[in-house]
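Numbering (my numbering), first residue to last: 677 to 812.
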């Protein structure tokens, strides 16, 4: 009986809404990350200029794009989505560090990381339960 009180039942409609909000949010985040990765891989002029402004050497731009692309793709594959989320979070942590070091705005990377995990939790009931379950 106590467990029933601790975990209110979620209406099936509510869980479907959560799932779709999570999917849409994930789609937007993944689209942005893949466009960013592609810009690094093909060495678009604005990406090269922006990287130079934050002190990144030209030689590391493509490898960073590859890391971001692989991490993002791992996040959209169901069997590897947790690993992908961790790797994208690590990548974004590096972006935050770079921006803090150079005194440029860093909040966008923080917000992207938070939204990535919120979207993942909305899509994954086990992750929601792990995060939201009361501790003993």
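Glycine included, each C-beta is placed from N, C-alpha and C at the ideal position.
Taking the Cα of residue 793 as reference, the smallest distance to any Cα among 713, 757, 773, 781 is reached at 757. Assigned with DSSP and collapsed to three states, residue 799 falls in helix. DSSP places residue 733 in the coil class of the three-state scheme, outside both helix and strand. Per the Cβ contact rule, the segment 772-785 is not in contact with the segment 738-746 (fewer than 3 Cβ pairs under 8 Å). Here the segment 701-708 makes no contact with the segment 721-729; the two share fewer than three CB pairs at distances below 8 Å.
Judged by their CB atoms, residue 764 and residue 732 are not nearer to each other than the 9 Å cut-off.
Under the rule that a run must span 4 or more residues, the alpha helix (DSSP H) segments found entirely inside the segment 763-800 read 783-799. In this structure, DSSP gives residue 739 a helical state, which the three-state scheme calls helix. The segment 691-702 makes contact with the segment 789-804; the number of CB pairs closer than 8 Å reaches 3 or more. Here residue 715 is buried: its Cβ has 16 or more other Cβ atoms, across all protein chains shown, within 10 Å.
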